[in-house]
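Report on one structure; see the data block that follows.
Residue numbers (the numbering used here): 204 to 320.
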């Protein structure tokens, strides 16, 4: 046997291994596609136009924006723990106007000084 045949024999094992791995990968992809197709056939069909949701007769529902304030904390002589409170609700605030920054007051930056006026 010559050196050329030895080189081919040594490299041929790697080539055969890569070929077998490629065949396995292709077989797995085909199997995954077949499995997905089978699962898709088992699903229920999409709803018909008659089964689609309808808009309410009074029109679309709009977002309600209101200021709310929390209910009062219950007063007690005993120590009140969080699990004693239960659900704490809220109620609409008496004034519904949005709070605004006062001119000359501190904004979002620090000390409340006159700034760069």
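Each residue gets a CB set at the ideal place from its N, CA and C atoms; glycine is no exception.
The beta strand (DSSP E) runs of length 3 or more contained entirely in the region 211–273 are, from start to end of the chain, 271–273. Residue pairing by DSSP puts residue 293 in a beta bridge opposite 273. Within the same chain, no residue comes within 7 angstroms of residue 263 by CB-CB distance, once the 5 residues on both sides are set aside. The DSSP-derived three-state label of residue 280 is coil.
Judged by DSSP secondary structure, residue 285 falls within the alpha helix (DSSP H) whose first and last residues are 285–288.
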